[in-house]
Amino acid sequence: MHDMSSAVAPSAFPAESSVTPLRPAGPDDAPPRMTGRTRQYQVIEALQAVRRHCMQRPRVAIILGSGLGDLAEHIETAAEIPYQAIPHWPRSTAQGHAGKLVCGALAGVPVVAMSGRSHYYEGYGMDELTLPVRVMRAMGAELLVVSNAAGGLNPRYRVGEIMIIEDHINLMWRHPQPGSPREALGRYCAGVTSPYCPILIDKAAAVARRHDLVHHVGVYIAVTGPNYETRAEYRAFRRLGGDVVGMSTAPEAIAAAQQGMRVLGFSIICNVACPDAPTVNSHEEVLAAAQRAEGHLRTILLDVLKDE
Ligand code: HPA
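Okay, so the sequence shown: first residue is 27 according to my numbering, each after it adds one.
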C-alpha cells in the first residue's frame with residue numbers, strides 16, 4: 027500500500043512565482059503611489075521655504091497660464107521666489123511660463139501668484155501638479171483665480187476673447203487626490219457639483235459688461251495634451267458640451283475646491299477650432315493671442331478683487 031500522507035498533491039495552479047502575467051502592465055503594477063501623509067510633509071516643507079522669503083498671508087491665490095505672466099508685473103511685489111527655491115514645487119518647462127512665485131498686493135488685496143504653471147504632459151503626477159494649490163491654501167489663500175490659454179470649440183467664440191469658466195469636463199481621467207480617505211488632503215469625496223463659484227462668475231461677468239469687454243460664460247474641457255486636437259476630437263468635444271478645450275486648470279480647481287477654496291476661472295481663446303476648414307495651431311500663435319488679451323483679463327480681475 028502506498029503511504030499518501032507525505033505526498034504533495036499536484037496543484038491545479040502553477041506556483042505564483044512561475045506565473046507570467048498575460049496582461050499588459052496596469053496601474054496595479056506601478057510603483058506605490060505617494061501617500062497623502064508624505065504629500066502633507068512636502069506641503070509643509072514647501073510652505074517653510076516660501077515663508078523664509080515672505081511671511082505675508084495672501085487672501086487670493088492666482089495661477090497665470092500660458093502667455094499671461096505679464097499680469098504678475100502689475101502686482102505690488104513683496105517677494106519673488108523662483109520655483110527652484112521651493113522644495114517639491116513642479117518646475118514649468120513649457121514655453122511662455124516664467125516659473126516664479128510672486129507675493130504682494132493686487133488692487134490692495136494680498137495675493138500670491140504663480141507666474142507659470144506645470145502641466146500633466148510635462149511628466150508630473152496629478153498630486154505633484156496640485157501641490158502649489160495646497161501650499162498657497164496653507165499660506166492662507168481662500169480664493170483661487172486660475173487662468174489658461176484655450177482653444178475655442180463654440181463657433182461664436184473669437185481669438186482674443188475671454189471665457190469665464192462656469193464648469194469643466196475632466197477628460198484627463200485622473201484625479202489630484204493622493205492616498206486613501208484616511209490620509210486625504212482635504213475632503214476625499216468633496217461634493218463638487220462644480221468647483222467654480224457662481225457668485226464670482228456673476229461678478230466677473232458684470233465687470234466685463236461694465237467695461238464693454240466681449241466675454242462668454244462656458245464649459246472648459248480638460249485634456250492631457252500635449253498635442254492639439256484632431257478635427258474629429260474638436261467635433262466630439264463640442265458635442266460633449268465643451269465651449270473651450272485646454273490642458274490644465276481642472277486638477278487645480280478640483281484640489282482648491284477640495285480644500286474649501288472658492289474658485290474663479292478664466293480661459294483666453296487663443297485659437298478657434300474649425301474642424302471643417304482646418305488650420306494648424308502653433309504654440310507661438312497661442313502665446314501671442316494670450317498676451318494680447320492679458321490687458322482685458324487684468325481689467326476684470328482688478329475690479330473683481332477690489333471688494334474681496
Ligand atoms: N487645444 C488644447 N489646448 C489648447 C488649445 C487647443 O486648441 N489652444 C490652447 N490650448
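All C-beta atoms in this analysis are idealised placements derived from N, C-alpha and C, irrespective of residue type, glycine included. If you're wondering where the values come from, they're calculated on a predicted model, not measured in any experiment.
Sorted by chain position, which residues of the same chain lie with C-beta nearer than 6 Å to residue i's C-beta, five sequence neighbours on each side aside?
i              : result
leucine 2      : Missing from the structure shown is residue 2; the chain here goes from 27 to 334 and no further.
alanine 131    : Glu102
cysteine 296   : Ala175, Val312, Ala315 and Ala316
proline 202    : Met152, Asp153, Thr156, Pro277, Ile280 and Ala281
glutamine 82   : Ala104, Cys129 and Pro136
alanine 119    : Before going further, note that residue 119 is threonine rather than alanine in the sequence given. Closer than 6 Å at Cβ, skipping near neighbours: Glu148.
asparagine 196 : Ala248 and Ala276
In angstroms, rounded to a whole number, what distance separates the CA positions of residue i and residue j?
i              : j              : result
methionine 273 : alanine 248    : 5 Å
alanine 234    : serine 293     : 14 Å
glutamine 317  : aspartate 96   : 8 Å
glutamate 187  : valine 69      : 36 Å
alanine 282    : proline 221    : 8 Å
histidine 194  : alanine 124    : 26 Å
arginine 160   : arginine 257   : 36 Å
alanine 87     : arginine 288   : 10 Å
isoleucine 190 : methionine 162 : 22 Å
arginine 65    : histidine 100  : 32 Å
glycine 268    : methionine 198 : 14 Å
arginine 324   : arginine 236   : 14 Å
proline 224    : leucine 90     : 21 Å
tyrosine 150   : glycine 251    : 13 Å
leucine 266    : serine 92      : 25 Å
Among the residues of its own chain, which have a CB less than 8 Å from the CB of residue i, if the five just before and after it don't count?
i             : result
glutamate 255 : Gly177, Val249, Phe263, Val271 and Ala299
proline 113   : Gln68, Glu71, Ala72 and Ala75
glycine 166   : Arg83, Pro84 and Arg85
serine 37     : Any reading at serine 37 must be qualified, since the residue scores a pLDDT of 43, below 50, and its modelled position is unreliable; the value itself is stated next. Result list for serine 37: empty, nothing under 8 Å.
What residue from the options has the CA that sits closest to residue i's CA?
i             : options                           : result
leucine 169   : Leu290, Leu327 and Thr325         : Leu290
alanine 164   : Asp333, Tyr260 and Arg85          : Arg85
proline 158   : Gly251, Arg200 and Pro277         : Pro277
histidine 309 : Leu155, Ala175, Thr156 and His145 : Ala175
valine 128    : Gly142, Ser118 and Ala303         : Gly142
alanine 111   : Leu90, Thr119 and His79           : His79
arginine 117  : Ile89, Glu148 and Gly134          : Glu148
lysine 332    : Pro252, Ala133, Thr119 and Asp228 : Ala133
histidine 242 : Ala303, Lys229 and Ile89          : Lys229
tyrosine 183  : Val245, Thr219 and His145         : Val245
arginine 200  : Pro252, Tyr146 and Asn253         : Tyr146
alanine 232   : Lys126, Leu94, Leu327 and Thr119  : Leu327
Enumerate in chain order the residues of its own chain whose CB-to-CB distance from residue i is below 7 Å, with the five nearest sequence positions on each side excluded.
i            : result
alanine 319  : Gly186, Ile188 and Ile294
tyrosine 260 : Leu179, Ala299 and Pro301
valine 172   : Ile89, Thr275, Glu278, Ala279, Val289 and Gly291
serine 144   : Pro116, Arg117, Ser118, Tyr150 and Leu155
Point to revise | alpha helix (DSSP H) segments (min. 4 residues) lying fully within the region 117–184 | key: 152–155 and 157–165
**Study point:** Residue ranges of each alpha helix (DSSP H) within the region 260–291, 4 or longer
**Key:** At a cut-off of 4 residues, the continuous stretches assigned as alpha helix (DSSP H) that sit fully inside the region 260–291 are 276–284.
Review point. Is the region 102–120 close to the region 75–91, with three or more CB pairs under 8 Å?
Key: yes
Review point. Considering only residues of the region 232–259, which uninterrupted beta strand (DSSP E) runs meet the minimum length of 3 residues and lie entirely inside it, listed in chain order?
Key: Correct list: 241–248.
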